[in-house]
Each structure stands twice: as structure tokens, then as C-alpha cells.
Amino acid sequence: MKLGISAAEYISSIKNGTISAEEFMSKTLEHIKKVEPKFHAFISIDESAIEEARHVDKKIKSGENVGAFFGMPISIKDNICIKGGKTTCASKILENYISPYDATVVSKLKTQDAIIVGKTNLDEFAMGVATEFSAFGPSRNPWNTDYVPGGSSGGSAVAVAGLESILSLGSDTGGSVRNPASFCNIVGLKPTYGLVSRFGLVSYANSIEQIGPMGRRVEDVALLLNHIAGKDSNDPTTIDNKNQDYLSEINAGISGKKIGIIKEMSTGAGLDSTVSSVFKNSVAAFEKLGAKIQEISLDMVEYTVATYYVLTTAEAGSNLSRYDNLRYGFELDSEGYEFKSYISKARRNFGPEVTRRMILGGFVPSAGFAGKYLLKALKVKSKLQKQIQDAFSKCDFLISPTVPVMPFKFGEKIDDPLAMYLADINTVTANLTGIPAISVPYEIKNGLPVGIQIHANSLQEKQLLQAACALQSTTNLPEISI
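Residue numbers 228 to 709, in my numbering, belong to the letters of the sequence shown in order.
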């Protein structure tokens, strides 16, 4: 019984009795115990997973209605709330915080008999591109543990790539699903803003963040999206997707579709030569699939990283102000402290990257500087949105490398925040404009993965997944050796 099977293979095997949910869960937990010392994908494991799997098996044997996931092990990023379990956001501030409710996406998965096998590691409060900034230690890339897995949903990507769960949910504020998907050789989707409820996602930058599905196959990601998308009364930003079936017609192909190569994301000094070579191969593959290729220029892309960090730090500075150790926090005796010094003492438990972004987030919207930074960033965002819509009037899809650089070694960029931030240059556009984007594994070079990013217009996930599936069909990727 292989652990590296697809979601469809798992469901088929459960239905025909080849495996039971309990058997598969037991093997998954054994594997997690074996590989976690070197991968560190998880912050916590659900000890009741075996019992939940037994319950699913009983439902199957008694002929009861069983949900679409049939006891499938799914992992969840540890900034998404699960009732009665820890939600730490990989921060010492929330080390022992127990969530009193389920996030909407978790409720939906439980209704469909998915089993949450554990909560995955991340950069603290989802702020980072390498999962180096977790208060509980970094996750490691299963393809080469000397290298980062990407971030901030690095633990989710490692869990899927390392065969510790079939599917996972991450969150994507500036590429945090797609970046680790590319670095770990899996599929990661950032949906249209509002397609998936954010209720129960610990807030970082509300106006652009989204929960996104991650899996080893495009079809698996489509299946997961089917069951988490749609309107939610607890999240007024959500969209009614009319119960769209993202799996149906997923093999429709892209013959005759117009694809734009984003010039500013696929050329220039910041693009690694290996990534450039792989991207050119993917363009040739798209042409063989019958797509029509043209180059598209989005000159606002040059300003997107600066815009993203101005806007998100401003929102983060506001959102993280609740962690004052009065409303949320940890045990700290207030005796002998003046109000401000008490909060200052409590917030020393934030890590360096969160501290940096909170300080910047207090500065950019402040009196005398808001016009110079915040308002300019909002203008760039508006112009970028117009350019994207102009591009989609000429093209069905826009493509680029997911990340302009190869996975890097631990410590290589940690002392250079600007170099770290520039890794986001190809991914932040989708967040700033609200459009969907997906990273598809394409090649392994020198033992490390390279992913290709495809963008579509808002609410065009069905067509986007068709394009991703078409590209996937041209690949011949090796199985990971664990």
C-alpha cells in the first residue's frame, strides 16, 4: 500500500475495499513518526485520527452515507482554527492558544469525512518565504533537507511532498501557497479573493489573503477546492460560486487558448538561469498543446514588491495589535509593570520578522508618511489591476516562473530581508489584484524542483485548472526518494 497515491486513487481503493481508512491512517501516522525528525512539517498531530478513521470504516460497512473524502488524511496550516486544538501561528505568543471554534474550511472538510491529521508549520504569523521564521524550528525541503521548502505554508508543502498527507490547506497572502508548492514539487492554488471563506484564518492582511488547496496532482487540488469554495455567512467577502464543479472537464485541454508571457516576470537580472531555462521549456510545451503564445508587458510589476510590503505591513500592524497579552497571549504576571511596559515585555516573544513588519506597519500609515507610502501603494495597486484587466482582454491566461530563483540553502538569505522579499516578485500580483494563480511542478534540476505559474481572470478557476492539468500532462517527474 503506497502512501504517495493521489486523492482519486485513495477514494477508489477505499470504495473497492483494497484498503480501509484505518489501515491507511495507521500507515500515514507511522510514516509521519519516521520522517518528522528530519522534515518537521507539523507543529501538532491529531492523536484521535485513528479513531476517526475507524468511525469512517464503520459508516462504510453499515451502508451509511459517507463524505467525499472517505477518511482521507489532510493537513492544515497552523494559522487556521480547529475547535479544541492548538492554533499557534508558529509563534510563542500563541504557543498554548486553544481555538474555541472551527474555521469554515475545517467544518466543510469534517462534514465530508476528511480527517485532519495535524497542524503544519509556517513562518510566524505567515510572514516569510522560507519557513525559517517559525518559533518552533524550520521545516525542511524533502527533496534536499539542506534547502528551505519555501513559505510561509512550508509545512503544508512538506507534508504533501513528504507523503505525510494526501492534501493540505495553506494560506496565500503574497505567494505563501505557490512559493512552497514550487520549491517542494507540488501543486498549489491561490483562489480568487473571496472564493474561499477566511473565517477562522488568523488575520495577517485581510484585503488580499486567501486559503488555498495544495496537493500532488492538479485533480486533487480541484477536488479539495470543490468542497471549500463558496458563500459563507461568517465572511461577508465571500462569493457565491454556484456550486461550480472544478473537477468536471478538467482534461478539456487548452488548444486555441491565448497565453501571455509576463515579460517582467520572465526576464531580467533577478531571474535564475536554471529557472529561465525551465520556463522556456514550459512555453514550448504550451505551444505543443495548441496554445497561442504572446508576450505581455505589465510595467507596474516593478513596483509590486514594495507595494505589497507597504500594504500588508500596515494591515499586519493593525491585526497584530490584539496580541497585547491582555486579549491574546500567554501567562505573564502584570505585577510591577506600567501598562505600556507590560505590553512591550509581552511582545518580546514575537520573532524578528514579525517585529520588523509590525514596526514598518506602524510607520507607513502614520501622520506625515501616509501620503508618501500608503497612498502611493494604493495607486500602484489600482494601476496594476487595470493592467491585468487589459491583459486579460487579449489573453486567456498569463504565465511566468512561480519563483524567480531556485530553492536556497538555510541561512543563505536570512540576514538580507530585501533579497528574501524579492522572491515574491512573481507571486504578489495575483494577491494585489485578487485573481487566481496556480503553481504546477514542471522539472527537477540538480535535485531541486522548479514550478510554473499560471494566472487566470477572476473566478476562472475551472479554466485555470484545465490549463494546469494540460501542462501537468507534459511532465515526467521522478518520484521523491524518502
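Built from N, CA and C at the ideal position, the CB exists for glycine as well.
Return helix, strand or coil for Q687, following the three-state DSSP convention.
To locate residue 687, count along the sequence shown from 1; it is residue 460. Q687: coil per DSSP, three-state reduction.
Residue from A646, C696, I232, A512 whose Cα sits closest to the Cα of V667
Taking the sequence shown and counting its residues from 1, one reaches residue 667 at position 440. Ranked by Cα distance from V667, the options A646, C696, I232, A512 are led by C696.
Option in L498, P634, S524 with minimal Cα separation from T372
Position 145 of the sequence shown holds residue 372. Taking only the C-alpha atoms, the option nearest T372 is P634.
With a Cβ-Cβ cutoff of 9 angstroms, do E291 and Y473 count as a contact?
As a working note, residue 291 is residue 64 in the sequence shown. As a working note, residue 473 is residue 246 in the sequence shown. It is not a contact, given that the beta carbons lie outside the stated cut-off.
What do you reckon, are the CB atoms on S379 and A353 nearer than 9 angstroms?
Residue mapping note: residue 379 aligns to position 152 of the sequence shown, counting from 1. Residue mapping note: residue 353 aligns to position 126 of the sequence shown, counting from 1. Yes, Cβ-Cβ distance for S379 and A353 is below 9 angstroms.
Report buried or exposed for R584, applying the criterion of at least 16 other Cβ atoms within 10 angstroms of its Cβ.
Counting from 1 along the sequence shown, the entry for residue 584 is found at position 357. R584 is buried by the Cβ-count criterion.
If you reduce the DSSP assignment to three classes, tell me which class T347 lands in.
Here residue 347 refers to the residue found at position 120 when the sequence shown is read from its first residue. Strand.
Within the same chain, show all residues whose beta-carbon is closer than 7 angstroms to that of I709, passing over the 5 residues directly before and after it, in chain order.
Locating residue 709 in the sequence shown gives position 482, counting from the first residue. Excluding positions up to five away in sequence, the list reads V262, P369, G389, L390.
By how many angstroms is the C-alpha of I246 removed from the C-alpha of L428?
Reading the sequence shown from its first residue, position 201 is the one you call residue 428. Reading the sequence shown from its first residue, position 19 is the one you call residue 246. Their Cα atoms are separated by approximately 34 angstroms.
Less than 6 angstroms between C-beta atoms, sequence neighbours within five positions excluded: which residues of the same chain meet that for G485?
Your numbering for residue 485 matches position 258 in the sequence shown. Per the sequence shown, the amino acid found at residue 485 is Lys instead of Gly. Closer than 6 angstroms at Cβ, skipping near neighbours: K519, C622, D623.
Have a look at the DSSP bridge pairing and note the partners of E522.
Along the sequence shown, read from residue 1 onward, the residue named residue 522 stands at position 295. I488.
Segment contact flag, the stretch 631 to 647 with the stretch 548 to 559, C-beta cutoff 8 angstroms, min 3 pairs
no
Leaving out the 5 sequence neighbours to the left and right, which residues in its chain are closer than 7 angstroms to V537 when beta-carbon positions are compared?
By one-based count along the sequence shown, residue 537 stands at place 310. The answer, listed in chain order, is V591, Y600, L601, A604.
Cβ neighbours of M492 in the same chain (closer than 6 angstroms, five flanking residues each side left out)
Here residue 492 refers to the residue found at position 265 when the sequence shown is read from its first residue. Correct list, in chain order: S627, N653.
I'd like to know whether the C-beta atoms of V655 and V505 end up nearer to each other than 9 angstroms.
The residue labelled residue 655 in the question sits at position 428 within the sequence shown. The residue labelled residue 505 in the question sits at position 278 within the sequence shown. No, the Cβ-Cβ distance between V655 and V505 is not below 9 angstroms.
Leaving out five residues before and five after I707 in sequence, what residues of the same chain have Cβ atoms less than 8 angstroms from its Cβ?
Against the sequence shown, residue 707 aligns to sequence position 480. These residues qualify, in order along the chain: G231, P369, W370, A388, G389, L390, N412.
DSSP puts Y374 in a beta bridge; with which residues?
Residue 374 sits at position 147 when you count from the first residue of the sequence shown. As a beta-bridge residue in DSSP terms, Y374 pairs with K636.
I need the DSSP call for K458, collapsed to helix, strand or coil.
Here residue 458 corresponds to residue number 231 of the sequence shown, with the count starting at 1. In this structure, K458 counts as coil in the three-state DSSP scheme.
For Y374, which option in M228, L547, K490, G674 has the closest C-alpha, if you only look at C-alpha atoms?
On the sequence shown, residue 374 is found 147 positions in, with the first residue counted as 1. Answer by Cα proximity: G674.
When burial is assigned at 16 or more other CB atoms within 10 Å of the CB, is D273 buried or exposed?
Taking the first residue of the sequence shown as position 1, residue 273 is located at position 46. Buried, because 16 or more other Cβ atoms sit within 10 Å of the Cβ of D273.
Quick one: using the 10 Å Cβ neighbour count with 16 as the cut-off for buried, is N461 buried or exposed?
By one-based count along the sequence shown, residue 461 stands at place 234. By the 10 Å Cβ count, N461 comes out exposed.
Measuring only the C-alpha atoms, how far is G442 from S326?
On the sequence shown, position 215 is the one that residue 442 refers to. On the sequence shown, position 99 is the one that residue 326 refers to. Straight-line spacing of the CA atoms in G442 and S326 works out to 26 angstroms.
With a Cβ-Cβ cutoff of 9 angstroms, do I641 and E359 count as a contact?
Counted from its first residue, the sequence shown places residue 641 at position 414. Counted from its first residue, the sequence shown places residue 359 at position 132. Between I641 and E359, the CB-CB gap stays under 9 angstroms.
Where do the ends of the beta strand (DSSP E) carrying G382 lie?
Indexing the sequence shown from 1 puts residue 382 at position 155. No beta strand (DSSP E) holds G382; the alpha helix (DSSP H) holding it covers 381 to 388.
Beta-carbon contacts of I466 that lie in its chain and below 6 angstroms, excluding the five residues immediately before and after
Start at 1 with the first residue of the sequence shown, and residue 466 comes out as number 239. These residues qualify, in order along the chain: G421, L422.
My guess is that L525 and I489 are in contact by the Cβ rule of under 8 angstroms, so how many angstroms apart are they, rounded?
By 1-based counting over the sequence shown, the position of residue 525 is 298. By 1-based counting over the sequence shown, the position of residue 489 is 262. L525 to I489, Cβ: 6 angstroms. Contact.
Buried or exposed: which applies to R575, given that a residue is buried once 16 or more other Cβ atoms fall within 10 Å of its Cβ?
In the sequence shown, residue 575 corresponds to position 348, counting from 1. So R575 counts as exposed.
Supposed contact pair G588 and T540 - C-beta distance, whole angstroms, cut 8 angstroms:
On the sequence shown, position 313 is the one that residue 540 refers to. On the sequence shown, position 361 is the one that residue 588 refers to. Yes, they are in contact, since the Cβ atoms of T540 and G588 sit about 4 angstroms apart, within 8 angstroms.
Starting from the N-terminal side, write out each stretch of the alpha helix (DSSP H) that is 4 residues or longer and does not extend beyond the stretch 560 to 646.
566 to 573, 579 to 590, 601 to 619
Would you tell me roughly how many angstroms separate the C-alpha atoms of V528 and D651, rounded to the nearest one?
The residue labelled residue 528 in the question sits at position 301 within the sequence shown. The residue labelled residue 651 in the question sits at position 424 within the sequence shown. About 11 angstroms.
Would DSSP call L450 helix, strand or coil?
For this step, residue 450 is matched to residue 223 along the sequence shown. Helix at L450.
Nearest to N703 by alpha carbon, out of A512, A594, N658, Q614?
On the sequence shown, residue 703 is found 476 positions in, with the first residue counted as 1. Minimum Cα distance to N703 is reached at A512.
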